[in-house]
Amino acid sequence: MFDLGDTIAAVASPPGASARGVVRVSGPKAFEAIGRLCDSEPPRARAARELRIAVLDTPIDALALTMTAPRSYTGEDVVELHLPGAPLLLAHVVQSLVATGEVRAALPGEFTRRAFANHKLSLAQAEAVLALIDADSRDAHRAALAMLHGELGASARSIRAKILDARAWIEAGLDFEIGEAGGVDASHWRPPLQDARAQLSALERSLPRAAAAGDVVLLGAANAGKSSLLNALLGREAAIVSPHAGTTRDVIAVEYAPGLRLLDAPGELESPGELDAMALALRDRLLPSAAGAILVVDPS
15 MFDLGDTIAA VASPPGASAR GVVRVSGPKA FEAIGRLCDS EPPRARAARE
65 LRIAVLDTPI DALALTMTAP RSYTGEDVVE LHLPGAPLLL AHVVQSLVAT
115 GEVRAALPGE FTRRAFANHK LSLAQAEAVL ALIDADSRDA HRAALAMLHG
165 ELGASARSIR AKILDARAWI EAGLDFEIGE AGGVDASHWR PPLQDARAQL
215 SALERSLPRA AAAGDVVLLG AANAGKSSLL NALLGREAAI VSPHAGTTRD
265 VIAVEYAPGL RLLDAPGELE SPGELDAMAL ALRDRLLPSA AGAILVVDPS
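Here's what the structure looks like:
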């Protein structure tokens, strides 16, 4: 779906008419493609240059901002054309670039996908770009900016350090009986876990709310712990949990957040009965349209 070897183009300014608009081209043939439309190829260096492009049978002045790999948003060669912001004009420029045969139209989110693939953004920062676009309040905008600037990663590292600290204390006391000399009291490992939990709660409240994401299906073998995970994520008992395989006999759909549902699906059985087979068939029909899936594996 995403071919990183292609050169891509798209309108990169907000939709609607404006004084100026932007067409972004990214990929190995970005400079050649722009050169096909202009009276000269833009310089292969970070620069701003006035060009004249021919579209709609009319020469139009454009400002070309050139960025060479890896010093660009996507980590690739990038040329941005700044033009009069007429939607028809911007769309025609993209069509003209595609017509050169050097470029294809970018898929939604593909510039950010390339930034992630080329290690210009972390996964959290890539998600923050979407959150920033979808922000509908100052608080959401502020939270998305903090996420984009890497504050989520810093918080995650701090939480991880606390958990590892608690784990080290717990493991140090595994070889000792309670009260035995050398044993580790809970006062050593409980505080860092409590701190980590409080920090996680604060972090959850501060994160921007993502756009509606659809369904996420919990997959795995029978009795792998899917229902236990569902209950843990929800913080309540939404599914029956039993040590016997095949307890879940139907697809259980529960809203986890606005626009996001968790689907607890029955696990794979060696010899499913008629009802089990029907439930598994329903799960398989839901999977192609799901936003994602979580594979649950029994650690034993």
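In my numbering, the protein residues as written are 15 to 314.
Glycine is no exception: its CB is placed at the ideal position from the N, C-alpha and C atoms.
Note that the structure is a prediction, hence the values are computed from the model and not measured.
{"Check": "Neighbour-count burial assignment, Ile67, 16 or more Cβ in a 10 Å radius", "Outcome": "buried"}
{"Check": "is_contact[Gln109, chain D] using C-beta, thresh 7 Å", "Outcome": "Protein chain content of the structure displayed is limited to a single chain, and chain D is not contained in it."}
{"Check": "Inter-residue spacing [alpha-carbon to alpha-carbon] between Ala120 and Ser32", "Outcome": "22 Å"}
{"Check": "Member of Leu294, Asp199, Val231 and Glu251 whose CA lies at the smallest distance from the CA of Ala267", "Outcome": "Val231"}
{"Check": "Three CB pairs or more closer than 8 Å across the stretch 119-136 and the stretch 78-97", "Outcome": "yes"}
{"Check": "Residue span of the alpha helix (DSSP H) that contains Arg297, given as start and end", "Outcome": "Glu288 to Leu300"}
{"Check": "Test item: CB-CB of Glu94 and Arg50 under 7 Å", "Outcome": "no"}
{"Check": "Straight-line gap, Ala140 to Asp312 (C-alpha atoms, nearest Å)", "Outcome": "31 Å"}
{"Check": "Between the CA atoms of Ala145 and Pro28 - distance to the nearest angstrom", "Outcome": "15 Å"}
{"Check": "Delimiting residues of the beta strand (DSSP E) encompassing Leu232", "Outcome": "Gly228 to Leu233"}
{"Check": "Rounded distance between the beta-carbons of Leu162 and Ala175, thought under 8 Å", "Outcome": "Incorrect: roughly 23 Å between the Cβ atoms, too far for contact."}
{"Check": "Inter-residue Cα distance where the pair is Asp17 and Leu294", "Outcome": "34 Å"}
{"Check": "Exposure label - Arg171; buried when at least 16 CB within 10 Å", "Outcome": "exposed"}
{"Check": "Beta-ladder partner(s) of Ala149, from DSSP", "Outcome": "Answer is none; Ala149 lacks a bridge partner."}
{"Check": "Nearest-angstrom beta carbon gap, Asp189 and Lys240 [assumed within contact, 8 Å]", "Outcome": "That belief does not hold up - the Cβ atoms of Lys240 and Asp189 are roughly 34 Å apart, past 8 Å."}
{"Check": "Per-residue burial, Arg297 [other beta carbons within 10 Å of its own, 16 or more giving buried]", "Outcome": "buried"}
{"Check": "Cα-Cα separation between Glu282 and Leu243, rounded to whole angstroms", "Outcome": "17 Å"}
{"Check": "Sub-7 Å separation of Ala180 and Pro206 beta-carbons", "Outcome": "yes"}
{"Check": "Residues sharing a beta bridge with Glu64, DSSP", "Outcome": "Leu77"}
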